[in-house]
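Visitor: Okay, handing you the structure first.
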Amino acid sequence: MTATIITITSGKGGVGKTTTTANVAIALAEQGDKVVCIDGDIGLRNLDVVMGLENRIVYDLVDVIEGRCRLRQAMIRDKRMNDLHLIPAAQTRDKSSVTPSDMVRLCDQLRDEFDWVLIDSPAGIERGFRNSIAPADMVLVVTNPEVSAVRDADRIIGLVEAEEKGPAKLLINRLNMDLVRRGDMLTAEDVVELLAIELVGIVPEDESVVVSTNRGQPVVMEAETKAGKAFRNVALRLKGQEVPYIDLDEKKGFFQNLSNMLRSGGD
Amino acid sequence: MQDGKVVQDKKISIKIKGIRDGLLISLGEGDWSIVQAELLRQIEERSAFFQGARVALDVQNHILHAADMGILRDKLSDCGVSLWAVLSDSPTTERTSQMMGLATRISKPKPERVIRSQSQSTSLSGDNAMLVKRTLRSGFKVSSEGHVVVIGDVNPGAEISAGGNVVIWGRLRGSVHAGANGDLKAVICALEMSPKQLRIGEKIGNLPLKPDKKKQVVPEIAMIQGGKIIFQEWKQRERGK
Amino acid sequence: MAAWRSKGGRSANAAKERLKLVLIHDRTDLTPKAVDKMKNELMEVISRYIAIDPEAVNIAVTQDGREQRLVADIPIKSSTRRKVG
């Protein structure tokens, strides 16, 4: 078993990279796959708190790279799943603590033991981002249907190509169907047309995500939520399955009960 | 907004710094051919200075392949400059450097993370304390002219050096030097006093060889009394200084 | 979905059009000003060889997937041929 290494990045901050990493990781683990996530930020921790594992950090990525602990010691096992682990970010200000080849070496050690390595990249185009894409087999660019997010995503897609990581894949997050219907938000089709890369998921705007993050329980774990379902589909598509996109376009006035609509119309 | 590709008018940033192993030259953004040309121009301008120099180059975000790097190395060599390391944020460039036998890091004696006191003042007024709100792990070094207060543990391998007092609201298991500028009245307090090394002024504390596990852990204060460092229970009244 | 959206006046359309321009210019490093300058120079050069109607000229940078293309559509004025000899 050789792991597939996916880096989740975006360019612009706040579009949902960390939420995506956490939820896709759990969705894959729920399927029985062995998954490890790495928080690729240098200096700020995000993935641990979104996954609800913040109290269990003893060692972090820089400790592993600088040899203060073994790789296994830094891995936090998420007890909710069968085989899901997290390597947290360091809280160091030293930009040069981690180099791209450090990340490649670390991931090489993980390749034989896992099915998936998901790396949560920091925002931006600097060292943290470059480190995070260095070991990637595939790069997933997360964006929002919004001008500056799309512009930054485009820049990132170009950089990923320039760093010879091939064409990236796209996840459109926080699509708000009300705004789309009013003509005040770009559609998923618009975004795909502009960015011109392969789409792997559309995740709708969903309040459940806020609640889940508050609780440290990523939304895929909750009962049927729109976002949870969408993230689960992303995981399935990454595994090679063809999953039709959820019709987010509820016909107004016909079905009053939203959850009924999802259950009957969903995948 | 500028017209098209008028990069020629923008000043290319080239910073030169002396380091332990020679020179570190950091290159700014811009078209690689233009940046390289500017670098070589500056080197030729001061050829006597650069003759025989060992240079580490930080190319930051530039993405360089073997051809580019080979040409660069050769051109530098023509100026008498020996390129031994290429630092970069780009994974592609790092791979290229490694392939060409160049170092990709400037080695440091020990991975050290230093938190320095922002305060320039050397006076020890009672209010002048540096607050560190985190656990200090191995490799961390805190240095201050004034007092230091840590909310968190100080783990083995971490070091604190303070001109004033050191108060640790947590477990002290690392190394602490209070009164580092010679103040023998400085004290060290910790909720759990199990330091690896402890000094006040130029005095070194004598620590028990084996911590007594049966002894209940109480907050303790270390201070100089009778010419040597003693340990006492740190009760409210005896806050020292 | 397209059927519901009114063709003009909605902000999403404006966003899309703006992004199209912005992305092309980000990707090619060409500002709108530079494109205009280039167009004028091109037309000047081309007119040295053939007669063209500047009004009918269409030169634009367009997007083709992840690639960019400079597309020029320049009608040539039919000229009265000079009789030789």
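Residue numbers (this note's numbering), protein chains in the order written: chain Z, 1 to 267; chain G, 268 to 508; chain R, 509 to 593. Beta carbons are placed, not taken as given, at the ideal position from N, Cα and C, and that holds for glycine.
Since G:S252 meets chain Z, which of its residues come closer than 8 Å, beta carbon to beta carbon?
Guide: Here chain G has residues from 268 to 508 only, and residue 252 of chain G is not among them.
Visitor: Name the DSSP beta bridge partners of R:A568, please?
Guide: According to DSSP, which records beta bridges pairwise, R:A568 is partnered with R:V579.
Visitor: According to DSSP, is G:L306 helix, strand or coil?
Guide: Helix.
Visitor: Taking G:L350 and G:L324 to be in contact with their CB atoms under 8 Å, please state how far apart those CB atoms are, rounded to whole angstroms.
Guide: Yes, they are in contact, since the Cβ atoms of G:L350 and G:L324 sit about 6 Å apart, within 8 Å.
Visitor: In the DSSP output, which residue or residues are listed as bridge partners for G:Q396?
Guide: According to the sequence displayed, residue 396 of chain G carries Ala and not Gln. Answer is G:H414, bridged to G:A396.
Visitor: Can you tell me whether Z:I156 is buried or exposed, with buried defined as 16 or more other CB within 10 angstroms of its CB?
Guide: Buried: at least 16 other Cβ atoms inside 10 Å.
Visitor: Would Z:A162 count as contacting chain G if we go by Cβ distances under 7 Å?
Guide: Yes, contact with chain G.
Visitor: For G:Q303, is the classification buried or exposed, using 16 other Cβ atoms within 10 angstroms of its Cβ as the cut-off for buried?
Guide: It counts as buried.
Visitor: Who are the near neighbours of G:A333 in its chain, counting only those whose CB is closer than 8 Å to its CB and skipping five residues on each side?
Guide: Excluding residues within five positions, the ones whose Cβ falls inside 8 Å are T363, M366 and M367.
Visitor: With a Cβ-Cβ cutoff of 7 Å, do Z:P204 and Z:L175 count as a contact?
Guide: Yes, they are a contact pair.
Visitor: Can you say whether Z:R72 is buried or exposed, counting buried as having 16 or more other CB atoms within 10 angstroms of its CB?
Guide: The residue is exposed, with fewer than 16 neighbouring Cβ atoms inside 10 Å.
Visitor: Under a three-way DSSP split, which group does Z:V209 fall into?
Guide: Helix.
Visitor: Nearest-angstrom Cα distance between G:E296 and Z:S148?
Guide: About 22 Å.
Visitor: My understanding is that Z:C37 touches Z:D108, with C-beta atoms under 8 Å, so please give their C-beta distance in whole angstroms.
Guide: Not really, about 17 Å apart at Cβ, beyond 8 Å.
Visitor: Do you know how far the Cα of G:K408 is from the Cα of G:H414?
Guide: Spanning the two alpha carbons is a distance of roughly 15 Å.
Visitor: Ignore the nearest five residues each way along the sequence and tell me which others in Z:E207's own chain have a CB closer than 8 Å to its CB.
Guide: Around Z:E207: no qualifying Cβ.
Visitor: Please check if any C-beta of chain R sits within less than 7 Å of the C-beta of Z:L186.
Guide: Yes - at least one Cβ of chain R is within 7 Å of the one on Z:L186.
Visitor: Please name the residues in the region 346 to 376 of chain G whose beta-carbon is closer than 7 Å to at least one beta-carbon of chain Z, in chain order.
Guide: Cβ contacts with chain Z: D356, S357, P358, T359, E361, Q365, T371 and R372.
Visitor: When you compare the CB positions of G:A445 and G:I435, do they come within less than 7 Å of one another, or not?
Guide: No, Cβ-Cβ distance for G:A445 and G:I435 is not below 7 Å.
Visitor: Hey, R:I532 and R:V579: beta-carbon distance below 7 Å or not?
Guide: Result no, Cβ atoms of R:I532 and R:V579 do not sit closer than 7 Å.
Visitor: Apart from the five residues on each side of it in sequence, which residues of its chain come closer than 8 Å, Cβ to Cβ, to R:P540?
Guide: Here the set comprises L529 and H533.
Visitor: I'd like the ranges of any beta strand (DSSP E) spanning at least 3 consecutive residues and lying wholly in the region 101 to 163 of chain Z.
Guide: Within the region 101 to 163 of chain Z, the complete beta strand (DSSP E) runs of at least 3 residues are 116 to 120 and 138 to 143.
Visitor: Opposite Z:L84 in the DSSP bridges: which residues?
Guide: Beta-bridge pairing links Z:L84 to Z:V35.
Visitor: In whole angstroms, give me the CA-to-CA distance for R:A520 and R:R535.
Guide: Their Cα atoms are separated by approximately 22 Å.
Visitor: Kindly indicate which three-state DSSP category G:I292 falls into: helix, strand or coil?
Guide: Note: G:I292 maps to strand in three-state DSSP.
Visitor: Is there a C-beta anywhere in chain R that falls below 7 Å from the one on Z:G183?
Guide: Yes - at least one Cβ of chain R is within 7 Å of the one on Z:G183.
Visitor: Please go through the same chain and pick out, in chain order, the residues whose beta-carbon is closer than 6 Å to the beta-carbon of Z:E30, but skip the five residues on each side of it.
Guide: Here the set comprises nothing.
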